[in-house]
Each structure stands twice: as structure tokens, then as C-alpha cells.
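Undergrad:
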Amino acid sequence: MSNSSDEMKKYLDMLADEDGSVRREALLFLGNYKDPETIRVIAEKLKDPSPGVQQTAADTLIRISGKEAVKNTIPFLKDESPSVRNLAVEVLESIGGCAVDMIMAITTDADPDVRKFAIDILGVIKADNAHNTLTSLLSDENPNVRAAAAEALGKVGDRRAVEPLVNLLADEEWVRFSAIEALSDLGDKAVAPALIKALDDGDAVQCGAIEALGNLRDESAVVPLLSLVRSEDSKVRSLVVAALMEITEGNEGEIAEKVGRGRFLQYLTDAMSDTDDTVRMSALKGIGQVADPASVPVVVSFLRDICPEDEDSIEAVREALESINSPDAVVEELRKMKLYPVTDEDSRIAVELAGVAGRICDSGMASFFEDELFNVDISLRAPFLRALGDLSSGVCLDSVVEALHDSSGDVRKAAAYALGKVRDSCAVAPLLDAIRREKFLDVKEEIALALAATGCEESQKAIKKLYENEDATLREVAIKSAALASGETDTALIEEALKDADWAVRRTAVNLMNMLGFEMDVVKLMPLLDDENDQVRSATITLVASLGGERSVVPLVRAMSDDNMMVRFRAAEALGGIGGRKVYDILVDILGHENVLEKIGAVKALEIMKDERAILEIEKLVDSEDTILRDVAREALNSLKSESI
Numbered sequence: 085m086s087n088s089s090d091e092m093k094k095y096l097d098m099l100a101d102e103d104g105s106v107r108r109e110a111l112l113f114l115g116n117y118k119d120p121e122t123i124r125v126i127a128e129k130l131k132d133p134s135p136g137v138q139q140t141a142a143d144t145l146i147r148i149s150g151k152e153a154v155k156n157t158i159p160f161l162k163d164e165s166p167s168v169r170n171l172a173v174e175v176l177e178s179i180g181g182c183a184v185d186m187i188m189a190i191t192t193d194a195d196p197d198v199r200k201f202a203i204d205i206l207g208v209i210k211a212d213n214a215h216n217t218l219t220s221l222l223s224d225e226n227p228n229v230r231a232a233a234a235e236a237l238g239k240v241g242d243r244r245a246v247e248p249l250v251n252l253l254a255d256e257e258w259v260r261f262s263a264i265e266a267l268s269d270l271g272d273k274a275v276a277p278a279l280i281k282a283l284d285d286g287d288a289v290q291c292g293a294i295e296a297l298g299n300l301r302d303e304s305a306v307v308p309l310l311s312l313v314r315s316e317d318s319k320v321r322s323l324v325v326a327a328l329m330e331i332t333e334g335n336e337g338e339i340a341e342k343v344g345r346g347r348f349l350q351y352l353t354d355a356m357s358d359t360d361d362t363v364r365m366s367a368l369k370g371i372g373q374v375a376d377p378a379s380v381p382v383v384v385s386f387l388r389d390i391c392p393e394d395e396d397s398i399e400a401v402r403e404a405l406e407s408i409n410s411p412d413a414v415v416e417e418l419r420k421m422k423l424y425p426v427t428d429e430d431s432r433i434a435v436e437l438a439g440v441a442g443r444i445c446d447s448g449m450a451s452f453f454e455d456e457l458f459n460v461d462i463s464l465r466a467p468f469l470r471a472l473g474d475l476s477s478g479v480c481l482d483s484v485v486e487a488l489h490d491s492s493g494d495v496r497k498a499a500a501y502a503l504g505k506v507r508d509s510c511a512v513a514p515l516l517d518a519i520r521r522e523k524f525l526d527v528k529e530e531i532a533l534a535l536a537a538t539g540c541e542e543s544q545k546a547i548k549k550l551y552e553n554e555d556a557t558l559r560e561v562a563i564k565s566a567a568l569a570s571g572e573t574d575t576a577l578i579e580e581a582l583k584d585a586d587w588a589v590r591r592t593a594v595n596l597m598n599m600l601g602f603e604m605d606v607v608k609l610m611p612l613l614d615d616e617n618d619q620v621r622s623a624t625i626t627l628v629a630s631l632g633g634e635r636s637v638v639p640l641v642r643a644m645s646d647d648n649m650m651v652r653f654r655a656a657e658a659l660g661g662i663g664g665r666k667v668y669d670i671l672v673d674i675l676g677h678e679n680v681l682e683k684i685g686a687v688k689a690l691e692i693m694k695d696e697r698a699i700l701e702i703e704k705l706v707d708s709e710d711t712i713l714r715d716v717a718r719e720a721l722n723s724l725k726s727e728s729i
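What the sequence shown shows, in the numbering used here, is residues 85 to 729, in sequence order.
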């Protein structure tokens with residue numbers, strides 16, 4: 085006997101081993117052979133008592149593929165075990181395309197389950213030469229087989245199936261539903277009349293017909309679908325709205341005219357008061373798509389019914405109003421409201437409308453917001469200012485400058501936002517004056533952002549001058565402005581701030597450099613790793629790590645002995661993230677140091693690296709006299725061992 089035969093016999097014998105892992109190994113080896121007897125033996129293992137071995141047998145048959153594998157798998161479709169049958173289906177769905185004739189042959193099996201399995205497989209592999217076989221099965225005595233044949237015809241996609249599938253709409257409910265799904269998959273608008281007729285059918289069939297008509301996007305279905313808008317079934321109403329939106333998308337106005345704009349919008353308006361959230365939201369989207377200014381009051385009314393915390397619904401209202409895109413109608417709604425004084429509810433609505441107006445109106449509408457700015461309730465002043473900023477088109481309005489002196493911080497922030505939108509040097513002086521007298525940091529920061537947003541040469545000069553102020557908070561907001569301005573001078577200013585006398589300014593500068601991805605020599609950052617403030621050191625670790633490569637390793641290792649636990653952890657985390665042979669060797673070397681803090685950091689870094697080689701090194705520390713080091717080592721070992729399973 086040859087060596088090859090001896091080896092095969094060895095692996096065939098291994099299939100009888102009690103250990104499942106041994107049987108799996110044998111199957112994997114035998115998968116290299118494609119002789120009929122070996123394939124038969126592999127297929128028999130689909131019935132193995134071990135699920136793992138069963139799956140390996142299935143995977144091996146899929147790898148072998150070919151008609152012999154198909155032939156030996158087919159008998160298991162009749163197995164009494166569901167798991168075996170399912171594995172056989174999995175194999176045949178993967179490789180059945182090479183032996184469609186064999187699959188078609190079992191569609192005449194006496195067992196209806198086997199016929200159904202065969203049909204499902206033909207559908208999955210999209211066997212285009214199986215059309216006649218599948219069509220003949222539409223008259224099978226078993227309803228499950230007929231339904232499966234319909235679904236398979238839809239997946240195969242042969243348009244010749246349309247007529248026989250339409251004929252199936254007189255069958256049992258479940259079969260009719262499957263036929264409708266198949267017709268929808270075929271996407272032939274010639275089936276629309278049959279689907280429209282099915283709208284009068286029972287539950288599942290009616291729902292299927294509605295969805296299918298939506299998928300077909302046939303305009304002839306709009307009127308029939310509208311007849312179902314007052315169905316007692318909320319699911320039907322929701323499906324109708326979704327289908328109508330599919331059909332009318334991109335052509336809402338024209339279709340609305342065909343069926344009667346008033347009727348179509350009335351339908352959508354009625355749907356807005358539906359008890360089902362999905363129906364209401366679909367109707368809201370539809371109103372936005374039709375884009376009739378007359379619908380704005382309806383949308384605003386809907387806004388009143390929305391819970392203030394329901395941000396998704398509020399955003400949908402904004403999108404609808406912006407889709408309608410009628411500035412006059414939105415401003416008219418604002419005019420109709422009692423803007424001073426207002427209830428909390430009115431204030432909420434007006435705030436939303438002002439925001440929308442700022443996005444869709446043109447500069448011609450700015451006068452309304454400016455005229456009302458100091459007449460409206462204080463709660464509306466900020467949104468009116470933001471709208472003015474969006475609409476003023478580069479005009480530095482006196483009313484906005486005046487609002488920088490308002491008693492409300494929110495109003496002052498909104499005024500700064502509006503001036504930032506001017507994008508002209510006329511805004512620099514009032515913003516610079518405002519930031520110097522401002523007491524609150526959040527307002528200062530908003531003004532600084534506005535100063536940077538102007539984007540002019542004067543603003544860059546102003547930012548640099550602002551940094552010369554004795555007030556540390558002003559220096560901090562100055563470099564934030566510099567980061568946004570993104571000029572060469574600004575970069576230099578941020579680097580200068582790394583040496584600032586105030587730790588908060590230094591920390592902000594480091595964070596900004598990290599956020600903006602500044603390339604910097606690590607040597608320049610070394611003094612910051614010795615900074616007196618632990619927050620500065622921690623931020624610097626993040627910046628050093630972001631630079632990456634070997635240049636970051638030495639300063640990060642040095643930070644592993646920092647007095648502050650968070651700094652040490654950040655350094656360990658960064659080293660673990662960098663990884664690589666050099667880092668691994670350094671960390672293992674640190675495990676032999678006397679400094680316990682360094683050891684703890686090295687263990688955490690090795691855990692993050694997920695390098696199984698570290699297991700043996702860390703095991704040496706589980707009996708350490710230091711309880712923290714002991715606990716950290718055990719936790720790291722558990723993590724590394726779980727990764728290696």
C-alpha cells in the first residue's frame with residue numbers, strides 16, 4: 085500500500101474516534117480528495133452526534149463542490165433530524181448551481197417537504213433553467229409547495245412567470261400572499277391591476293398587495309390606495325402611507341394634481357392626526373414632498389402635539405417645513421403668534437419656526453426679525469438673532485451689536501453668532517469689545533468662535549492681541565479662535581501657548597494641537613510631560629501617542645512612572661495601542677524593574693496589545709507582594725487567556 089493510501093486510511097479511521105476534534109481534523113484532510121467513496125463518507129458525517137463535526141462535514145462538502153457532493157447530500161433532505169436537513173439545504177444552496185438537474189429531479193418526490201426544500205434551493209441559486217419546473221409546481225396538491233414555487237419564481241426573476249402567478253391569486257390566502265410577493269419581486273407594472281384587485285382581500289394578502297404596489301411605483305395605484313386611508317387597521321394605514329410615498333416620490337406635485345391636490349393633501353392632513361406614530365410621520369414626510377405652502381399651518385399645528393423631548397419628530401417637522409420651502413408661509417405663522425408675552429408652548433413653536441426661517445428665507449425677510457427683535461418675549465430674542473445672522477447677508481446690523489449688551493447670556497451668544505455670520509471686518513471691533521467685558525466663559529467662547537468665523541485679516545490681528553491680555557480665560561479663548569482661524573500666525577500662537585503661565589491655557593493648547601493634527605517634534609513636548617499640572621501631562625500623553633511611531637515610545641515609557649495614576653494609565657494605553665516588537669521588548673523589560681508603578685503600567689499596556697507571548701511574563705507577577713500589581717496582573721491574564729481561546 086502506498087504512503088498516500090496509508091495516510092488516507094489513517095484519516096478514515098480517525099472518523100471513528102471518540103474525540104470530536106479528531107473527527108473534524110480528519111474531515112478537513114479528507115476534503116482534499118474528490119473520489120466518490122471519500123465524498124460519500126464525508127456526507128455521512130452530516131449525521132454525526134457532534135454539531136461541530138456536522139458543520140465541518142457541511143463546510144467540507146461545500147469546499148469540494150461538484151455533482152458528486154450534490155448527489156451524496158440530497159438523501160439527507162429526508163433525514164428525520166431537522167438539523168441534518170437544514171445542513172443539507174445549506175450545502176445544496178451553496179453548490180447546487182453545478183447540478184441543477186439533480187435538484188429539479190427531486191421536485192417530484194413523494195414527500196412534500198422534500199419538494200419544498202428543492203424548490204427553495206432552486207430559488208436561492210436563481211436557477212434560470214428551472215422556470216418550467218417551478219411553474220408546473222404552482223398546481224401542486226400541497227399549498228406549502230405552491231407557495232414555495234411562487235416565491236422561487238420571484239427570486240429567479242423570469243418575466244414569463246407573471247401570468248401563472250396572477251392566476252395563483254385565486255388560491256388559498258398564504259399562497260396568494262406568496263404570489264403577491266413574487267409579483268412584487270418581478271417588478272412588472274403589468275401586474276398592477278391584479279394587485280389593485282387584491283386590495284379587497286384579507287389581512288396578509290391586502291398588506292402584501294399594498295407593499296407590492298408601493299414597490300412597483302405605479303401611479304394607477306394612487307386612487308385605489310387612497311380608498312384605504314381610513315382603514316380601521318393601523319398597520320394597513322401605515323402601509324398605505326408608505327406605499328403612496330414610494331409611488332409619488334420625486335413627482336409628488338404632478339401626481340397630486342392628477343388625483344386632485346386638495347384630495348391628496350386632505351388625505352395627508354387626516355393621516356397627521358392618526359393614532360399610529362408611523363402613519364403620522366409618513367404623512368408628515370408626504371406633506372413635505374408635495375410642497376404646498378397651504379400645508380405649513382398643518383405642520384405647525386402638528387408641532388404643537390409633539391413632546392418637547394421627541395427630537396426625532398421635531399427634526400421631521402423641520403425637514404418638512406424646509407421641503408415645503410415657503411418663507412412667506414413660515415413668517416406668516418410667526419406673525420399670527422402672540423410674540424409678547426408668550427406661553428412656554430408658543431415660545432417653543434416660535435423658536436423652531438425662527439430656526440427654519442433662518443435656513444429657507446432670503447435677506448428680504450431680515451427686516452421682520454430685526455423689527456421684532458426688541459419687542460418679542462426674551463425667550464425668542466436669541467432664536468431671532470440667529471435667524472438674523474443667517475439672513476443678514478454680510479450686513480453688520482446695529483440691532484445685533486446692541487444685543488451684545490443684553491442681560492441674557494444666551495442672547496449675547498446669539499448676537500455673537502449673528503455677527504460671526506457677517507464675515508466682514510465691521511464685526512471685529514464690537515466682538516473684541518464684547519469679549520473683553522464678558523464675565524462668563526461660555527459666552528466668551530461663543531464670541532471667540534464668532535471672531536474666528538469672520539475670517540478676515542483684522543480678526544487674526546485681534547486674536548493675537550487678545551492673547552496678550554492678562555486674563556487667562558481670554559488667552560484661552562484666543563487660542564481657540566486661533567485654531568478655528570487656521571492661519572500660519574494662529575499655529576504659532578498655539579505653540580506659544582504651550583509655555584503659557586496658566587495651566588488651563590497650556591492644557592487647551594495641547595488639546596487643540598491634538599484635535600487639529602499638528603505635526604510637532606516630540607522633543608518640544610518633553611517639558612510638558614514634566615508639567616506641574618497632571619491634566620496638562622495627561623493631555624500631552626494623548627498628543628504624543630497621536631504622533632505615532634518609535635519617536636513616541638521613549639517619552640511614553642518615561643510617563644509610565646508618573647505620580648498620577650491617570651497619566652500612567654494613559655501612557656500604558658498609548659504604548660499598547662502603538663504595539664510592535666520594540667514596544668513589547670521594552671514593556672517586558674519594565675516588568676523586571678523595581679518601580680511598582682512602572683510594572684503596573686507595563687502590564688496594562690501588554691494587556692491592551694493582546695500579545696499572547698506576554699502571558700508567561702505576567703504570570704510571574706501574580707504572587708507579587710504588592711496587592712495592586714497582583715490584581716492588575718491577574719486581570720490582564722484573564723483577558724489575554726480569553727482572547728487566546
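Every residue, glycine too, gets a C-beta built ideally from N, C-alpha and C. Predicted model only: the values in this text are computed from it and were never measured.
For Ala-233 versus Trp-258, is the C-beta distance shorter than 7 Å?
TA: Cβ atoms of Ala-233 and Trp-258: not closer than 7 Å.
Undergrad: Check whether the Cβ atoms of Val-137 and Lys-131 sit closer than 7 Å, and answer yes or no.
TA: Against a cut-off of 7 Å, the Cβ pair of Lys-131 and Val-137 comes out as no contact.
Undergrad: Taking 6 Å as the cut-off, is the C-beta of Val-289 nearer than that to any heavy atom in the ligand NAD?
TA: The ligand NAD is not part of this structure, which contains no ligands at all.
Undergrad: Which of the three DSSP states is assigned to Asn-617 in this structure?
TA: Correct three-state label for Asn-617: coil.
Undergrad: Quick test of your reading: Asp-376 and Arg-345, contact by CB under 8 Å. State the CB separation rounded to the nearest angstrom.
TA: Sure, about 7 Å apart at Cβ, within 8 Å.
Undergrad: At what residues does the alpha helix (DSSP H) containing Phe-386 begin and finish?
TA: That run of the alpha helix (DSSP H) goes 380-388.
Undergrad: Inspect the beta-carbon positions of Ala-293 and Leu-270 and report whether they are closer than 7 Å.
TA: Not closer than 7 Å, so no.
Undergrad: Residues in its own chain within less than 7 Å of Ile-531 by CB, not counting five upstream and five downstream?
TA: Cβ within range, chain order: Ala-500, Leu-515, Ala-518, Ile-519 and Glu-522.
Undergrad: Rounded to whole angstroms, how far is the Cβ of Glu-616 from the Cβ of Lys-564, which I believe are closer than 8 Å?
TA: About 23 Å separates the two Cβ atoms, so there is no contact after all.
Undergrad: CB-CB under 6 Å to Gln-619, same chain, minus the five flanking residues each way: which ones, in chain order?
TA: Arg-591, listed in sequence order.
Undergrad: Under the assumption that Val-672 contacts Ser-636 (Cβ atoms under 8 Å), give the Cβ distance between them as a whole number of angstroms.
TA: Incorrect: roughly 19 Å between the Cβ atoms, too far for contact.
Undergrad: Measuring only the C-alpha atoms, how far is Lys-210 from Thr-359?
TA: Looking at the two C-alpha atoms, the distance is approximately 42 Å.
Undergrad: Ignore the nearest five residues each way along the sequence and tell me which others in Val-325's own chain have a CB closer than 7 Å to its CB.
TA: Excluding residues within five positions, the ones whose Cβ falls inside 7 Å are Ala-355, Val-363, Ser-366, Ala-367 and Gly-370.
Undergrad: Would you check if the distance between the CB atom of Ala-296 and the CB atom of Val-289 is smaller than 7 Å?
TA: Taking 7 Å as the Cβ cut-off, Ala-296 and Val-289 do not qualify as a contacting pair.
Undergrad: Quick one: what does DSSP say Lys-210 is sitting in, helix, strand or coil?
TA: Three-state DSSP puts Lys-210 in coil, outside helix and strand.
Undergrad: Find the nearest neighbour of Leu-475 within the set Lys-694, Ala-466 and Ser-451, judged by alpha-carbon distance.
TA: Ranking the options by Cα distance to Leu-475, first place goes to Ser-451.
Undergrad: How would you write the range of the alpha helix (DSSP H) that Arg-505 sits in, first residue to last?
TA: Before going further, note that residue 505 is Lys rather than Arg in the sequence given. From DSSP, Lys-505 is part of no alpha helix (DSSP H); its letter is neither H nor E.
Undergrad: Smallest Cα separation from Leu-206: which of Lys-239, Asp-197 and Ser-220?
TA: Ranking Lys-239, Asp-197 and Ser-220 by Cα distance to Leu-206 puts Lys-239 first.
Undergrad: For Leu-675 versus Ala-686, is the C-beta spacing smaller than 7 Å?
TA: Result yes, Cβ atoms of Leu-675 and Ala-686 sit closer than 7 Å.
Undergrad: Round the Cβ separation of Val-384 and Ile-433 to the nearest angstrom and send it over; I've been treating them as touching at under 8 Å.
TA: Contact holds; Cβ gap of about 7 Å.
Undergrad: Assuming the contact rule is C-beta atoms closer than 8 Å, Leu-761 and Val-401 should be a hit. Round their C-beta distance to whole Å, please.
TA: The chain is shown from 85 up to 729; residue 761 falls before or after that span and cannot be answered.
Undergrad: For the alpha helix (DSSP H) holding Asn-216, just list the boundary residues, first then last.
TA: Its alpha helix (DSSP H) spans residues 215-220.
Undergrad: Please state if the CB of Val-106 and the CB of Lys-162 are separated by a distance shorter than 7 Å.
TA: No, the Cβ-Cβ distance between Lys-162 and Val-106 is not below 7 Å.
Undergrad: Helix, strand or coil: how does DSSP classify Glu-121 here?
TA: Glu-121: helix per DSSP, three-state reduction.
Undergrad: Determine, using beta carbons only, whether Gly-493 and Phe-458 come nearer to each other than 7 Å.
TA: Cβ distance not < 7 Å, so Gly-493 and Phe-458 don't count as in contact.
Undergrad: Taking the alpha helix (DSSP H) that Ala-349 belongs to, which residues open and close that run?
TA: Rather than Ala, the amino acid found at residue 349 in this sequence is Leu. That run of the alpha helix (DSSP H) goes 345-355.
Undergrad: Checking 7 Å against the spacing of the C-beta atoms, do Met-188 and Val-154 come in under that value?
TA: Contact: no.
Undergrad: Alpha carbon to alpha carbon, how far is Ser-483 from Cys-510?
TA: Approximately 14 Å between the Cα atoms of the pair.
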